[in-house]
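Protein sequences, first through last, are from chains D and Y.
All you need for the numbering used here is the position in the first sequence, starting with 1, plus 835.
All you need for the numbering used here is the position in the second sequence, starting with 1, plus 1.
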Amino acid sequence: MGLIELLHMSVFSQSFSPCGKFLAAGNNYGEIALFSLSAALGPDANELSQKPILAFAAHDGPVFSLLSTDAHLLSAGNGEISAWSWAELIKKNVKAAWTRRPNYKSSLEIPEINAMAINPADNSLAVGGGDNNVHIMDLENGVFKSVLQGHTDYIHCLSVRERAAEVLSGGEDGAVRIWDTRTSQCVHCVEVYKYETCARPQHGRWISCLTTDSDWMLCGGGPSLSLWHLRSMSPTSVFPLSGCQRQATFYQDMILTVGEGQCVSHCQMGGEVKAQIPCTPHSINTLAINTNSTEHRVLTVGGSSDHIDVFTNLSYRAFSLRF
Amino acid sequence: MSSEALKKRKGKVIRTEGGTPEVKRGRGEGDPQELELERRDPEQDYQQYKQTCESLTTLMGEIQELKAGGAKEGSTDLEKRRLQSCIHIMNLKKLNRLAHIRLKKGRDQTHDAKQKVDVLHLQLQNLLYEVMHLQKEISKCLEFKSKHEEIDLVSEAEFYKEAPEEISRPLLTKEGPHQLTLARLDWELEQRKRLAEKYRESQTMKEKIQKSIEVKKEHLSSLQPGLNAIMQASLPVQQYLSMPFEQTQKQTEVARHLPPALYVLFVQAKAYGHACDKSLSVSISGDVDEAKALSKPPEDSQDDESDSDAEEEQEKTKRRRPTTGCQLDDKRREMLKRHPLSLCLDLKCKDGSVLHLYFYHLINLNILTVKTKVSPGTDLSTAVSAGELLNSETLLNCLYSNDQGQETPNPANRYQFDKVGIVTFADYVKELGHPYVWVQDLGGLHFPGEAPQGVRVGSALSASHMEATMKLLRGRVQSRLALHKQFTSLEHSIVPISSESQHLFPAKVISRLARWTTIAHQDYMDLAFTRHVSSAGLAKETDLFFMAVVERGTARLQAAVVLNPRYPEVSPLFSLSLSWKGEHSGSTDDNLRAMESEVNVFKSELQGPRPGHQLLTNQLARLCVCLDVYLETDGDDNSVEGPREFPREKMCLRTVRGPNRLKPFKYNHPQGFFSHR
Chain D
836 MGLIELLHMS VFSQSFSPCG KFLAAGNNYG EIALFSLSAA LGPDANELSQ
886 KPILAFAAHD GPVFSLLSTD AHLLSAGNGE ISAWSWAELI KKNVKAAWTR
936 RPNYKSSLEI PEINAMAINP ADNSLAVGGG DNNVHIMDLE NGVFKSVLQG
986 HTDYIHCLSV RERAAEVLSG GEDGAVRIWD TRTSQCVHCV EVYKYETCAR
1036 PQHGRWISCL TTDSDWMLCG GGPSLSLWHL RSMSPTSVFP LSGCQRQATF
1086 YQDMILTVGE GQCVSHCQMG GEVKAQIPCT PHSINTLAIN TNSTEHRVLT
1136 VGGSSDHIDV FTNLSYRAFS LRF
Chain Y
2 MSSEALKKRK GKVIRTEGGT PEVKRGRGEG DPQELELERR DPEQDYQQYK
52 QTCESLTTLM GEIQELKAGG AKEGSTDLEK RRLQSCIHIM NLKKLNRLAH
102 IRLKKGRDQT HDAKQKVDVL HLQLQNLLYE VMHLQKEISK CLEFKSKHEE
152 IDLVSEAEFY KEAPEEISRP LLTKEGPHQL TLARLDWELE QRKRLAEKYR
202 ESQTMKEKIQ KSIEVKKEHL SSLQPGLNAI MQASLPVQQY LSMPFEQTQK
252 QTEVARHLPP ALYVLFVQAK AYGHACDKSL SVSISGDVDE AKALSKPPED
302 SQDDESDSDA EEEQEKTKRR RPTTGCQLDD KRREMLKRHP LSLCLDLKCK
352 DGSVLHLYFY HLINLNILTV KTKVSPGTDL STAVSAGELL NSETLLNCLY
402 SNDQGQETPN PANRYQFDKV GIVTFADYVK ELGHPYVWVQ DLGGLHFPGE
452 APQGVRVGSA LSASHMEATM KLLRGRVQSR LALHKQFTSL EHSIVPISSE
502 SQHLFPAKVI SRLARWTTIA HQDYMDLAFT RHVSSAGLAK ETDLFFMAVV
552 ERGTARLQAA VVLNPRYPEV SPLFSLSLSW KGEHSGSTDD NLRAMESEVN
602 VFKSELQGPR PGHQLLTNQL ARLCVCLDVY LETDGDDNSV EGPREFPREK
652 MCLRTVRGPN RLKPFKYNHP QGFFSHR
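Structural data, given as structure tokens:
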């Protein structure tokens, strides 16, 4: 890969291996790179251990979403989902275990897949993207068993509430829809941009990040990032962050969020921004915390750069992995 | 009382018994005793002694018993026993004496034996000494070095094969190595004698031949004037028939005075021109006489110079100290001296433009330098931004990557420079020409560099580089001339698009190129939105830098362009900054970043017909299209307040896509719609 390609690279997705020793990252050229965290964090780490141990072309389009199951790495490309066995990838064997395409209505352009989420309750995979619908695939047999229709523009993000058997989706149309997985019906539709406290008409109305934790939901995008109480369906706190947020996550008693802007923001539930930690990419697409392994517990952040920043401590950037 | 006395006597007797040896020793010896001694057995004597002692003890015991029993002194029993005791004592005495005699005899015998051993030992010592001496002599003999060992003799097998019978005498020599060596030495002598004879013969032969050569030479030199006259007479005929024999002959005559590197270049360029490239012409210019003078006595003159230099230096330092600087200047000039002859290569392109290359040889540095000039075939209108394009200083920069021709490729020059205080060769490049590595290669000069490779020198090296370099040179000139033409129209705000590339762009493009200017390297580095390029090391001083401004309505897009000298092989690199509803740049706006990659990364579609001279203009055209898309798809459809500044005219399947909400910048040709990558 040439210098110019590296200069224009964006990292869109990351996923840690089940053992927690490896990080997979997908970029805008459809490549997936595998980094060894144990080598990069080891005592004799050098320049070379920050480079990928394996990089392969997985899809034609950008890899917008990566997800790990117990045995497989799921990657989403242009209208297709591929599974790669972790065990084989670690041995540097690149061969897709399977590839599935949701049933799209014929279209000039193949719709992209922006988000995937696993529902462990019935071992199914929710897939959302360019065709405005959420497709539910049974991971047992690879059959797409239902389609959740309702969004009027493409879907940015998905979240699964396992206990309530609900799937949440946020889209370009500015709505957060809550679906009952058993009936495949939309049970709620929250149009965040209509709430004055969150709305930012100068940016737009899309919802690009969505996370849930028991009764709480985080969502943001065009509107400000806000914390919602799901039972009362009302925003409890709004975070005063200037850029549009692309990914947010609950971590311990904090909220970590990234998006436009060269930093990872640490927020408190009450709505205060506690800290903004600078990092390499100018805008950040993805953030991930490795909870699979205690000795490699790191926060990794990727965005509009070929660097993936690694935080061994939440308060400063330790080093960068490079494509 | 009497018993006590007896006891005393008894004690005395016992004492005398114990003291017998001393008594015995005191006694002399007689012959009869010795005779008796020989007859007696010592073992028997010992037994006898034991018996006597035993019986004496029993007798004593009996006497004591008798006395205790009250026997009177002088009773028969008692007397009888006393008598017996006395006999026994006598007996003991005798035995004692015999023992003494035996001892003495033993001593005498030992002494005799010892004497004998001493004599023998002395004898042994003498013999050993003699042996040692002899051994020393032997080793001395063995170590003796004969003169003949230094003579390199023919091997034994060869000797037997070649030497005549009377010298080799195989019967004799096969047995004794000494005889063999002697024979071999004889043979050596014989052979040497023969060789000496041969040498003398050859000498006389040589003299004879030399004499005949002299004669022939005289004859030939007498022919010269006649030939000259013929040549002179034939000149008009040659001219009339336009056969440049004379000219090429003259050129080769002059070429003989070229320094080796230029000569290699001359021959190879000429050969390449003949074989592959008729448009390449080679000529030599400069002062031939000076070159002749230089090539005749090269060593002497150098010595003289250095001597006189040293003398001058001494005189100067004595007389006028302040002029050392001036003198250093002289030395520098001497160091950087060019050979009086130079080589001129003219490379003609199809469109009639000519690239002139002047090659010089720096005598003392032993490197080649080149100066260039382009004479365009057609009259070029003067475009301001194109000034740098055909600048002879930078025209051939980085013909091969990283070959900037600023520093001398000969590592030895570093030390020469230190001597005369030259900091860098770059200061003299303008005057002397560029010492590009490929120039050294063409001249067959090889200097060990950082990267080891198969080392070839001389003509082989030159030949291996000739074709590739000539092609590169031609490509460079053509690309520069093409750019020159394009710049002229760019400065008039027209982006020229050839018919081959028409399908890459929609028919209607509203954004227009407003300005095209050249900027300095430093200005480029100072721009905020090019920081990522410069920090990635993609903007070097040797590159050319331009600023393009594309405008549509109130929107104004600035594009800073890095043009590598190796364009179009290395594509130009754009960085964007848009001022519309605030300032945006590639680092703050993902869509601008996508536009950058649209022109920088997906450039292969824009290459146009080979060798891709239209790349830059196509990139600029695509930039205009992308700006149209950017402006027309901006903003949410429903939130329109009043008329939009940029009504949507481009056909798009979707206006945004993916997590970072990119706009559709990719144009699909026959259908005419825009889609995402």
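Each residue gets a CB set at the ideal place from its N, CA and C atoms; glycine is no exception.
How many Å lie between residue i and residue j at the Cα?
i                 : j                  : result
Ser588 of chain Y : Pro946 of chain D  : 27 Å
Ser86 of chain Y  : Thr77 of chain Y   : 14 Å
Glu633 of chain Y : Lys651 of chain Y  : 8 Å
Ala906 of chain D : Asp1144 of chain D : 26 Å
Gly434 of chain Y : Tyr401 of chain Y  : 17 Å
Leu363 of chain Y : Ser286 of chain Y  : 15 Å
Ala234 of chain Y : Leu390 of chain Y  : 51 Å
His522 of chain Y : Leu545 of chain Y  : 8 Å
His894 of chain D : Ala483 of chain Y  : 39 Å
His149 of chain Y : Glu291 of chain Y  : 60 Å
Ala874 of chain D : Ala890 of chain D  : 16 Å
Gln250 of chain Y : Glu335 of chain Y  : 32 Å
Asp635 of chain Y : Arg649 of chain Y  : 9 Å
Asp347 of chain Y : Ser280 of chain Y  : 8 Å
Glu922 of chain D : Ile1124 of chain D : The amino acid occupying residue 922 of chain D in the given sequence is Ala; Glu does not appear at that position. Their Cα atoms are separated by approximately 21 Å.
Quick check: residue i and residue j, are their CB atoms within less than 8 Å of each other?
i                  : j                  : result
Phe979 of chain D  : Asn938 of chain D  : yes
Gly1094 of chain D : Ile1119 of chain D : yes
Ser1027 of chain D : Val1011 of chain D : Note that residue 1027 of chain D is Val in the sequence shown, not Ser. Cβ distance < 8 Å, so Val1027 of chain D and Val1011 of chain D count as in contact.
Leu1162 of chain D : Lys856 of chain D  : Any property of residue 1162 of chain D remains undetermined from this structure, which presents chain D solely from 836 to 1158.
Asp442 of chain Y  : Ser463 of chain Y  : yes
His1117 of chain D : Ser1100 of chain D : no
Val478 of chain Y  : Cys625 of chain Y  : no
Leu1060 of chain D : Ser994 of chain D  : no
Is the Cβ of residue i closer than 8 Å to any Cβ of chain D?
i                 : result
Asn601 of chain Y : yes
Ser676 of chain Y : yes
Val522 of chain Y : For the sequence presented, residue 522 of chain Y should be read as His rather than Val. No - not a single Cβ of chain D is within 8 Å of the one on His522 of chain Y.
Leu533 of chain Y : One detail in the question is off: residue 533 of chain Y reads as His in this sequence, not Leu. Yes, its Cβ sits closer than 8 Å to a Cβ of chain D.
Ser463 of chain Y : no
Leu574 of chain Y : yes
Ser402 of chain Y : no
Ser499 of chain Y : no
Using a Cβ-Cβ distance under 8 Å, would residue i count as near chain Y?
i                  : result
Asn928 of chain D  : no
Glu947 of chain D  : yes
Ser1155 of chain D : no
Asn1120 of chain D : yes
His1064 of chain D : no
Arg935 of chain D  : no
Leu842 of chain D  : yes
Ile839 of chain D  : yes
Given that residue i touches chain A, what residues does it touch there, using C-beta distances under 8 Å?
i                 : result
Gly965 of chain D : Absent here is chain A; the protein component of the structure consists of chains D and Y.
Can you give me, in chain order, the residues of the stretch 1041-1052 of chain D that have a beta carbon less than 8 Å from any beta carbon in chain Y?
-> Trp1041, Ser1043
Identify each residue in the stretch 579-596 of chain Y for which the Cβ-Cβ distance to at least one residue of chain D is less than 8 Å, and report them in chain order.
-> Ser588, Thr589, Asp591, Arg594
Check each residue of the stretch 650-662 of chain Y: if its Cβ is closer than 8 Å to any Cβ of chain D, include it; give the result in chain order.
-> Leu654, Arg655, Val657, Arg658, Gly659, Pro660, Asn661, Arg662
Ordered list of alpha helix (DSSP H) runs contained in the stretch 362-402 of chain Y, each at least 4 residues = none
Chain-ordered residues of the stretch 887-898 of chain D with a beta carbon less than 9 Å from chain Y = Gly896, Pro897
Chain Y contacts from the stretch 985-1019 of chain D (Cβ-Cβ distance under 9 Å) | Asp988, Tyr989, His991, Cys992, Glu1007
Members of the stretch 1131-1148 of chain D that neighbour chain Y once the beta carbon cut-off is set at 7 Å = Ser1139
Residues of the stretch 847-877 of chain D with a CB closer than 7 Å to any CB of chain Y: list them in chain order, please.
-> Phe847
Which runs of the beta strand (DSSP E) spanning at least 3 residues fall entirely within the stretch 1082-1115 of chain D, listed in chain order?
-> 1089-1094, 1098-1103, 1108-1113
Which residues, in order along the stretch 1069-1081 of chain D, keep a beta-carbon less than 9 Å from a beta-carbon of chain Y?
-> Cys1079, Arg1081
3-residue-minimum beta strand (DSSP E) runs that sit fully inside the stretch 491-529 of chain Y, ordered along the chain = 513-520
May I ask you to list, following chain order, the residues of the stretch 529-562 of chain Y that have a beta carbon less than 9 Å from some beta carbon of chain D?
-> His533, Val534, Ala537, Gly538, Leu539
Going along the chain, which unbroken runs of the beta strand (DSSP E) with 3 or more residues stay wholly within the stretch 1015-1063 of chain D?
-> 1020-1026, 1042-1048, 1051-1056
Alpha helix (DSSP H) runs contained entirely in the stretch 953-1011 of chain D, provided each spans 4 or more residues = none
Pick out the complete alpha helix (DSSP H) segments inside the stretch 843-878 of chain D, 4 residues or longer, and give them in chain order.
-> 872-876
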